[in-house]
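Heads up: the structure comes next, in structure tokens.
Numbering (the working numbering), first residue to last: 556 to 1775.
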């Protein structure tokens, strides 16, 4: 059965020729035959029937008409023409089966007769009187029948749709009018088919087109005179019969285009723009404009129309700009440039020059970026192995997308579209993947790629990628450290035990590489030091998670493993040494810091002889039995009692629980199993340290962990992870003078056992009885292991700890505690000085004299100072320790004097003068002679020039030289201040500062010594200015400038920041400080500038609130807040977006506390969960949440238990205690 397709020859209505060739060409663009049939079936007209063969011919003819270049292409299913048929392709159209010579001749005759209007009728008659085959007439009849069936089917479907519409809209009148319209249309279609059936059947549908038969056009249309009653019934025409269109131009029909034009005041675009709200500078659109390069504009005089006009003004247009008509522009619709192009001419020289200038202006903003882009591409192309060039190219993408250019979007799109962050990330990722292909062993590139992938991938996929990277580079300590931080900060997968085991795996792997047992990867330089850093990071992680016992046990094990190692196992690998250490740990023998501890070596020797014999019975006077904790006030809320008991247990039970054999205790007697530490928890983390400097660094780190001040600072690699208390803003030394302030290093890191709230602060110094005994036993066991300077330093650390406790008692003004602590501290100082090695230790004499001065025993302190200086003989200022001793003595006397008047008669001048004399020191008797003052000034000047002179010395000598330089500068400047005034002292500091800054790096073997010396001199300068401002009237500008210059170089110095914040709180103009903080934070990775910038704004807000609020809470709007709250929020948000700030617990604690102070608890709670996403291991964050949101007590404790944080007081136990 042949396939029949209905094809419309021409329609019977409308104003265009739907049956023309152009319309058929548009129909042929449809993808499927079904859509073509559906489209053709919607027209009204005569149809002709095409057979299956004719249909293929029509398709081929249609393809040739649409695509002449493919006229020779093979049809589907046919083989392509060979090479021999190539010469015949240009004549293939002659062999086209759809081509008819009669049709071509007829078309040619018609084209000739079109020019003759009289011959039009004859041509029509000839074409209509052509012989028609019988098959064509039958095909036309069958097409009419199939068309009727299709219309009936559509009619039934239309009725169903009409019923649904009637039930949905409930509009009977509208549906009736719609049905009448449909009936009229159907009647028109039937009439058209009956009237023109014969005429169209006579036309040959294979070759005759409507465009070629101009005579039939008038007969193919008819006029429908039947009226539409709906137009009488309703007020307007039916909406389906009204044409819809959009105005594409501002032209109006009927006006002279050459002389007139219309201004459309009520256009949609103007309404839309007028209703748009003006954006402020802080909106997203305003921030984008800040990054957009300025576009030069020129003003053009325009005629302004009055806005109150109710009519459309018609203005005369400039006739010069109206294009003239010509043979290439007969309608005058082309502009002059288009007309010239049609004539084959170029633009005028003036226009081309203007166009070139505008193009240069538009490209001026991107020329700089183009040069940079070419430079980066050239560098990575010529040096594909340069990792830094690839990283710079990746960073350049941010600059490339910062403003509108040819790489981002066009100028018009910039106003409506915003930058795509995902596009930038994908470009960076593509660059990094290309870089990794050229540098497969580069860890930095892989880390950068991982950082970008965190924006796209799921956490599980990122973890797998991290594991692959660590597996490929197990010898890279920096990579391990970043991997540990990543696992530690992923809230969804974080568990304390899992991260703790990862630390052990990391240290055991690095130990195997360091020993050489893992031969696949060599050990990198600095691996031993990096292992110690990772170990310290693990201990601070356990402390912040609440597992204090495990952290202390790790330190005990590593110190015993390092300092008390038997000689028989020193040659073994780390793994073998750990296996020998396990029996000692599990034997129950006293460990370091515990009473009766003797170390691993002594235990090993005794085991070889047969074991220990206990000779010392337990002291009956000591009562070690712990008292049961009782709730003092049961009327307090439940959350307050929980916090009180939790913090008290945290302060008392930070030591691991050990069964006391003298009391016949066993492991089962421990009420809290978490207090016991097994060897499996610490065995993998034991490492072998061979460097003596790292040995001492380990001890200093443990002392800092216990809260004992030491000179050694933590490395900045994990310093900000350990910051968790707000004592960084106040060192608590308010009772001291500005010259002799006793600054404790590493403020902001809480010691073991302290988890105070933000309001309470963390300035408490000292431990309970068990903790103090532990520290005393530790020093007594460690001091005999060292000699010389290191032993002296350990003794100084111990005595400094006792002095810090005295200062704490002075601050809280507790006389009873001060008296008891003073006795203990003096007893310790005397015991240390009695040791043979410490009798000439001037550092200990200096601390002992300072202790007496703080306790109020001024005369006793002077006697100690005089005796120590007399013991020095004629060494004086040329000895470092004596120089520091005399400087402290002079500073204390200067602060006691109070004012520089009469300073020639004070003790300070006598002390500083005697330091430079070669004769032995003589105590103060009276006024100092002027001759001695002149001699002393000359001597100080020569000493200063000597230490500032160039000379190559060893590194050890250079360290003492830099410290000695600081002492000489301090003594000389104080001497000049007391004798000549503040200007003479400031000139010395400036001279030293300029000299040190001008020295070449090669003149200082160690940059650390240079930095420490310059930093110490700057601190002395600031302290002297602060003291002078305290005693006399002096402008604030010199001190501020000195601090600003120092902070630009030392951006992590906490004492300098504290001094700057203190003086800035007195200033009413905050603009300079804000600009300074902004410039510092943009160019540094340190977190201290962010923290102190927030502190300055919070102090200012507190001051404004104190002025605005009265005693009864009323608000007086006398001083506007000027957006301080929003500024502080912005500072917090920017700080936590930095690399170091995102994982800093102190920053999150301060942010949450500030939001709670504003009274917005919902946002504060959301901020708390944001903090957990970055610092899930910090227990103090959960405790702050319980204090701020008491209703969430049970949920917060359950969350802590889920993450395996240390919970010492379960809720069930608290309820039992409340019931008792």
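Beta carbons are placed, not taken as given, at the ideal position from N, Cα and C, and that holds for glycine.
Return the CA-CA distance between residue i and residue j, expressed in angstroms with no decimal places.
i: residue 895; j: residue 880; result: 12 Å
i: residue 1540; j: residue 1285; result: 28 Å
i: residue 901; j: residue 892; result: 8 Å
i: residue 1433; j: residue 1471; result: 8 Å
i: residue 519; j: residue 1045; result: Nothing in the structure corresponds to residue 519, since the chain is present only between 556 and 1775.
i: residue 676; j: residue 883; result: Confidence is the limiting factor: at residue 676 the pLDDT is only 42, short of 50, which leaves the residue's position unreliable, though a coordinate-based value still follows. Roughly 35 Å between the two C-alpha positions.
i: residue 782; j: residue 793; result: 13 Å
i: residue 992; j: residue 977; result: 23 Å
i: residue 1133; j: residue 1242; result: 9 Å
i: residue 1491; j: residue 1473; result: 11 Å
i: residue 1706; j: residue 1104; result: 30 Å
i: residue 1521; j: residue 1499; result: 10 Å
i: residue 1695; j: residue 1687; result: 13 Å
i: residue 1011; j: residue 1005; result: 10 Å
i: residue 1654; j: residue 1712; result: 14 Å
i: residue 1236; j: residue 1621; result: 52 Å
i: residue 795; j: residue 789; result: 14 Å
i: residue 1758; j: residue 1349; result: 39 Å
i: residue 1441; j: residue 1467; result: 7 Å
i: residue 1303; j: residue 1275; result: 9 Å
i: residue 1085; j: residue 1069; result: 11 Å
With 16 as the cutoff for other CB atoms within 10 Å, does residue i come out buried or exposed?
i: residue 1425; result: exposed
i: residue 937; result: exposed
i: residue 1846; result: Not covered by the structure: residue 1846. The range shown for the chain is 556 to 1775.
i: residue 1448; result: buried
i: residue 1739; result: buried
i: residue 784; result: exposed
i: residue 1228; result: exposed
i: residue 932; result: exposed
i: residue 1280; result: buried
Determine the extent of the alpha helix (DSSP H) in which residue i is found, giving its start and end residues.
i: residue 1309; result: No alpha helix (DSSP H) contains residue 1309, which DSSP labels as neither H nor E.
i: residue 1056; result: 1051–1070
i: residue 1470; result: 1462–1470
i: residue 1117; result: 1103–1118
i: residue 1486; result: 1485–1503
i: residue 1639; result: Run containing residue 1639: none; DSSP gives neither H nor E here.
i: residue 1161; result: 1155–1164
i: residue 1438; result: 1435–1452
i: residue 1622; result: No alpha helix (DSSP H) contains residue 1622, which DSSP labels as neither H nor E.
Can you pull the DSSP bridge partners for residue i?
i: residue 1043; result: DSSP, once it has assigned bridges, lists no residue as partnering residue 1043.
Could you pull out every residue in the same chain whose Cβ sits closer than 6 Å to the Cβ of residue i, ignoring the five residues on either side in sequence?
i: residue 1059; result: 1239 and 1240
i: residue 1265; result: 1255, 1258, 1259 and 1352
i: residue 1031; result: 998
i: residue 1420; result: 1404 and 1444
i: residue 1569; result: 1551
i: residue 1755; result: 1737 and 1762
i: residue 1294; result: 1446, 1450, 1578 and 1582
Spatial neighbours of residue i within its chain, please: CB distance less than 8 Å, with the 5 preceding and 5 following residues excluded, ordered by chain position.
i: residue 1150; result: 1328 and 1332
i: residue 1769; result: 1193, 1196, 1197 and 1200
i: residue 1599; result: 1615 and 1631
i: residue 1515; result: 1435
Enumerate in chain order the residues of its own chain whose CB-to-CB distance from residue i is below 7 Å, with the five nearest sequence positions on each side excluded.
i: residue 1772; result: 1186
i: residue 1003; result: 946, 949 and 987
i: residue 1527; result: 1495, 1499 and 1543
i: residue 1644; result: 1606, 1632, 1635 and 1636
i: residue 1189; result: 1773
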